[in-house]
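Only one structure is covered here, and it is reproduced in the block below.
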Amino acid sequence: MEIFAQQLVNGLVLGSIYALVALGYTMVYGILGLINFAHGDITMIGALVSLTAVQLLAAAGVPAPAVLVLAGGAAIVVCVALGVSIERIAYRPLRHAPRLAPLITAIGISILLQYSAALIWGKQYIPMPEIVEPTRIVIAGAQLTSLQVTIFLLACAIMAGLLWFIKASRMGRAMRATEQNPAVAGLMGVNTNTVIAFTFVLGSAIGAIAGLMVVLYYGLGHYFMGFMLGLKAFTAAVLGGIGNVAGAVLGGLLLGVIESLASGYIGDLTGGVLGSNYRDIFAFLVLVLVLVLKPSGLMGQHSGDRA
Amino acid sequence: MTAATTAIRSLAGNPRYRWLTWFAIALLLLAAPFLIEMTLGRSWVRITDVALLFIMLALGLNIVVGFAGLLDLGYIAFFAVGAYSYALLASPQLGVHWPFLLLLPLGAAVAALFGILLGGPTLRLRGDYLAIVTLGFGEIIRVFLNNLNRPVNITNGPQGITLIDPLQVGGFSLAQSHTVAGLTFSPVHSYYFVFLACAVLSIIISLRLENSRIGRAWVAIRDDELAASAMGINTRNVKLLAFAMGATFGGVAGGLFASFQGFVSPESFHLIDSIMVLCMVVLGGMGNVAGVVLGAVLLTALPEALRYVGPLQQSWFGEVIIDPADLRMLLFGLALVLMMLLRPSGIWPSRRRRVAGPPANDTEVPGVAR
């Protein structure tokens, strides 16, 4: 039971990070109908930028909370700039092109980001300096660090804020209108180009924060880390119903818990035949199962091929 | 000089002498390994062999991406499946040594089976999902290959499988040198001819498929799936067929690769390799067989040529700033983006083609120029 509680807690923390990245996928997909392959790598850039910022600031003797805020800020600035320019250069000219074309540029951008990062940061794993002394909390037999709690609460706050923003603000309404029908939204006076660019701003900024959380949580950064993270976040978005923002939150948390529990118990269940080194396949299994059984996801309204 | 080229051109253009052109090409291809060895050295013969394998792979992926318009990002997995099926059944790893002529079709069949297993649940959904699922599939296959060494050692994990039997039919093994009519055929030469035969066969199959009933169905689905199904095409089965057919090409190429290398490991089947094959198809010209062949040859030669960039940087800047392997990937990424923006139909575009699929946004205002 203690193991169960522990894995559940770990899964929720991990899942909240997945959910943040999934938001970036789902918002862009909702509005453009495009899988933004580069989003995982934008998160990676955010992670590495904040890692470097933390290294520099911590060495300069800045107090820990200020370091984190500044590092997060730096990551957000870089990622937003990247996200908006990617949309402008690689996606906007192809908005009316056949479907395969933007998908292929997205992959191209993803490779460019990965190997540019390899050039800048090198190919080795980069350790994160431990700037916050971890305090341990025990809840229902599960050990928690203060870092985990902070990540989870911050992620929840961001997600709640985003949901409120989309529901209540003027820009949020414009986003929903563009999602439903860009042409008609345009006729109603919505500048769809601005809305789409803004969607990339939001997604990239949230991705940057998720990147900071990942390096804080795992203590390591790597130029290829965006790949698996992106794949899992996309799975989370599909699980929740792609295009649906609340669904991405649910899907992310659920996927984190599934993955954590499954890799925690797979060794016992299969008598040691399969071990936790298979943890990366669960996301994929979930993805295929969702696509087979309920392609519209848990909270998606659309059905059939649109999913 | 110009007189000579005009003469050659008129000769080649004349249907009566067309066989002459083909004869010249055939002669050139048959002499190629010896010419290459004389001018560039033996290592380039090996590179040519690999290029022929990549032609097969690219043609297989071209069926899926170019003809049917389905984006497969884990194509190398089928190559891996073919290679490992051959390696497991013809090496000391499991202690079995089945004959090559049985294993090649078997590898192809296993790869096709994987193609159907993967395509079955996902092909009825829209193309974007296929891209992600195949991406995941490619990684999963590698995870399994890396980890299936415990508790029962099947794939030997990251160390890979060594001592794979060379290509051998009857008592005739390609691992030894053979002398025929004064010419010495070392293994790289012999493999060249086997691979050449397979590549030419792949080209012929691709060309025949393109204009067949199935090929036209694929193109119809690529251009407009809804219209295609309204015309009575069973879109799911036809797409599945494209997937299985592409996988078969990959499986055959994989089997040949394993026998050629004598060694396979999960390291050869990274996402990067899938992307490289995709680049060959996209750069060469999706849907155009000749363009894809050109793309495969160019992109196999490019990384080898980039090797010279390392020493060049050393002499210019005093250190190697960009690792040539990374430079290759940066160029690939850039090429994918620029190609789609500037010349979406590739270096050598197919005659009948508009890249693929319905427009990105189904809710477009009619009459807006595409």
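Order-wise, the sequence lines are chains Z and G. So the first sequence is numbered by my numbering: it starts at 1 and just counts up by one. So the second sequence is numbered by my numbering: it starts at 1001 and just counts up by one. Backbone N, C-alpha and C fix where the C-beta goes; we use that ideal spot for every residue, glycine too. This structure is a prediction, so every number in the text was calculated from the model and none was measured.
- In the three-state reduction of the DSSP assignment, Arg95 (chain Z) falls in the coil class.
- Gly256 (chain Z) is a Cβ neighbour of Gly11 (chain Z), given a cutoff of 9 Å.
- Counting other Cβ atoms within 10 Å of its Cβ, Ser1315 (chain G) stays below 16 and is therefore classed as exposed.
- In the DSSP assignment, Ile17 (chain Z) falls within the unbroken alpha helix (DSSP H) covering Glu2 to Leu32.
- In the three-state DSSP reduction, His1270 (chain G) falls in the coil class, being neither helix nor strand.
- Listed by position along chain G, the residues whose Cβ is nearer than 7 Å to that of Ile104 (chain Z) are Val1282, Leu1336 and Met1340.
- Interface residue (Cβ-Cβ distance to chain Z less than 9 Å): Ala1131 (chain G) is classified as such.
- Ranked by Cα distance from Leu1256 (chain G), the options G:Ala1244, G:Ser1190, G:Gly1291 and G:Leu1338 are led by G:Ser1190.
- Inter-residue distance for Pro1311 (chain G) and Ala1305 (chain G) is about 12 Å (C-alpha atoms, whole angstroms).
- Within chain G, the residues placing a beta-carbon under 8 Å from that of Leu112 (chain Z) are Leu1330, Gly1333, Leu1334 and Val1337, ordered along the chain.
- Secondary structure at Ala142 (chain Z): strand, using DSSP grouped into helix, strand and coil.
- Listed by position along chain Z, the residues whose Cβ is nearer than 7 Å to that of Asp1326 (chain G) are Tyr115, Ala118 and Leu119.
- Interface residue (Cβ-Cβ distance to chain Z less than 9 Å): Leu1278 (chain G) is classified as such.
- Within chain G, Gly1136, Glu1139, Ile1140, Val1143 and Phe1144 have C-beta atoms less than 9 Å from the C-beta of Ile281 (chain Z), given in sequence order.
- One Cα belongs to Ile1272 (chain G), the other to Glu1139 (chain G), and the distance between them is close to 11 Å.
- By the C-beta density criterion, Val69 (chain Z) is exposed, having fewer than 16 other C-beta atoms within 10 angstroms.
- Residue contact with chain G for Val54 (chain Z): absent (no Cβ-Cβ distance below 9 Å to any residue of chain G).
- DSSP links Ile126 (chain Z) through a beta bridge to Z:Gly221.
- When secondary structure is reduced to three states using DSSP, Arg1124 (chain G) falls in the coil class, being assigned neither helix nor strand.
- Gly264 (chain Z) does not reach chain G, its nearest Cβ partner there being about 17 Å away, counting only Cβ pairs nearer than 7 Å.
- Here the alpha carbon of Asn1237 (chain G) sits roughly 10 Å from the alpha carbon of Gly1119 (chain G).
- Each residue's CA atom was taken as its position, placing Ala1032 (chain G) and Leu1341 (chain G) some 36 Å apart.
- Around the C-beta of Phe1023 (chain G), fewer than 16 other C-beta atoms lie within 10 Å, and the residue is accordingly described as exposed.
- Proximity of Tyr125 (chain Z) to chain G, defined by a Cβ-Cβ separation below 9 Å, is not satisfied.
- CA-to-CA, the gap between Val1200 (chain G) and Ile1233 (chain G) works out to about 30 Å.
- By the neighbour-count criterion, in which 16 or more other beta carbons inside 10 Å mark a residue as buried, Gln148 (chain Z) falls on the buried side.
- The distance from the Cβ of Leu1089 (chain G) to that of Leu1103 (chain G) is about 6 Å, consistent with a contact at the 8 Å cut-off.
- Contact between the stretch 1280-1290 of chain G and the stretch 1140-1157 of chain G is not established, with fewer than three Cβ pairs separated by less than 8 Å.
- Looking from the CA of Gly24 (chain Z), the closest CA among Z:Pro182, Z:Ile196 and Z:Trp121 belongs to Z:Ile196.
- Listed in chain order, the positions of the stretch 1288-1313 of chain G with a beta carbon within less than 8 Å of a beta carbon of chain Z would be empty, since no residue qualifies.
- With the criterion set as a beta carbon lying under 8 Å from some beta carbon of chain Z, the members of the stretch 1064-1077 of chain G are Val1065, Gly1069, Leu1071 and Leu1073, in sequence order.
- Secondary structure of Thr1021 (chain G) (DSSP, three-state): helix.
- Take Tyr217 (chain Z), set aside five residues on each side of it, and the residues of its chain with a beta-carbon closer than 8 Å to its own are Val13, Leu14, Ile17, Leu147, Gln148 and Ile151, in chain order.
- At a beta-carbon threshold of 8 Å, the residues of chain Z lying near Ile1275 (chain G) are Ile107 and Ile111, ordered along the chain.
- Distance check between Ser1206 (chain G) and each of G:Asn1062, G:Arg1018, G:Met1339 and G:Leu1070 places G:Asn1062 closest, using alpha-carbon atoms only.
- When the Cα atoms are used, Gln1261 (chain G) and Leu1163 (chain G) turn out to be separated by approximately 9 Å.
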